[in-house]
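Reviewing the structure listed below.
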Amino acid sequence: MTGSRDTYGGYRARLVEQLRAQGIRDLAVLRAFAETPRHLFVPEGVRHRAYEDSSLPIGRGQTISQPFTQARYLETLALQGTERVLEVGTGSGYQTALLGALASQVFTIERVRVLAETAQAALKAAGVTNVSLLIGDGTLGWSAYAPYHAILVAAGGPEIPPPLVEQLAPSGRMIIPLGAKGAQTLTLVRRTEGGVSATPIGAARFVPLVGEHGFDA
Ligand code: SAM
């Protein structure tokens, strides 16, 4: 996925070491970070910072999330490689590419057209082929390809969007930041026989989830 003219390998290896030092243990997750070219997913102006463990601006007031946060997310989902995954909030497409390395098929939704188009181009440049992208309101999910074994919501919302629960497979798992704008709790949602269970995982600070089952624009 990284290509023969990739000169960022050393930076990427250092980032993986930092993730490991911070407690990320899932080898598949670490391998996905080692092989996914983050520099292709950030704007020119911040490319020199692509392998810092920090969030970076990607335009339209949005950010590519901090790698450590993304690694925690991915470790919690414990993907085996066979899953169909829904992602809400494509952003730069970087986490989408990581999901592509860890799951069988990825369906991703972004509400901001220009970000979606830039992400689509970056995914192509990175050689990611198992991703389908929809421009629209991800709080409604993508029913055509449901059910999903895992759902990852990359923006913070006030509630668990009911369509996403409906589109989660039995025993499926969803990770979503829940709470007020600017301060959320990362929450693991599981679909059970009786309904859903929600387990708080830790504090989070994501951009707002905007949509019918999110905040107003
Ligand atoms: N994980 C992404 C990455 O690696 O670049 C960063 C995601 S960014 C923190 C959150 C994204 O969610 C933004 O691009 C924002 O436009 C998008 N978003 C917010 N509400 C949404 C919605 N209802 N449906 C789809 N995308 C949404």
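Going by the working numbering, the residue at position 106 of the sequence shown is 555; the numbering climbs one at a time, nothing skipped.
Ideal Cβ positions, reconstructed from N, Cα and C, are used throughout, including at glycine.
Please read these numbers as outputs of a predicted model, since none were measured by experiment.
Where residue i and residue j are concerned, what is the direct C-alpha to C-alpha distance, given to the nearest angstrom?
i                 : j                 : result
alanine 571       : threonine 485     : 11 Å
serine 646        : methionine 623    : 10 Å
tyrosine 597      : glycine 621       : 7 Å
proline 610       : phenylalanine 655 : 16 Å
glutamine 467     : proline 516       : 10 Å
alanine 618       : alanine 599       : 8 Å
valine 659        : valine 491        : 22 Å
arginine 496      : glutamine 616     : 36 Å
phenylalanine 664 : tryptophan 591    : 19 Å
proline 612       : proline 626       : 16 Å
aspartate 475     : valine 465        : 11 Å
serine 503        : glutamine 471     : 14 Å
glutamate 501     : glycine 643       : 43 Å
threonine 518     : glycine 458       : 21 Å
glycine 585       : glutamate 661     : 11 Å
proline 657       : aspartate 455     : 34 Å
isoleucine 513    : valine 555        : 18 Å
tyrosine 594      : valine 577        : 19 Å
alanine 520       : alanine 632       : 19 Å
glycine 606       : glutamate 493     : 30 Å
Do the CB positions of residue i and residue j come within less than 8 Å of each other?
i             : j              : result
glutamate 536 : valine 478     : no
alanine 690   : arginine 461   : Since the first residue of the chain shown is 450 and the last is 666, residue 690 is not available in this structure.
threonine 531 : isoleucine 558 : no
threonine 545 : alanine 568    : yes
leucine 582   : alanine 565    : yes
valine 534    : alanine 552    : yes
leucine 547   : alanine 481    : yes
arginine 487  : tyrosine 522   : no
arginine 640  : valine 614     : yes
alanine 652   : threonine 634  : yes
arginine 560  : glycine 587    : yes
Which residue or residues does DSSP assign as beta-bridge partners of residue i?
i              : result
isoleucine 558 : Val537 and Leu583
serine 646     : Arg639
threonine 634  : Leu627 and Ala652
valine 563     : Paired residues: none, contrary to the question.
valine 577     : According to DSSP, valine 577 bridges with nothing at all.
arginine 622   : Ala599 and Arg639
In chain order, each alpha helix (DSSP H) run of at least 4 residues that lies wholly inside the region 465-532: 476-484 and 516-526
Start-end ranges of the beta strand (DSSP E) lying completely within the region 584-619, minimum 3 residues: 597-602
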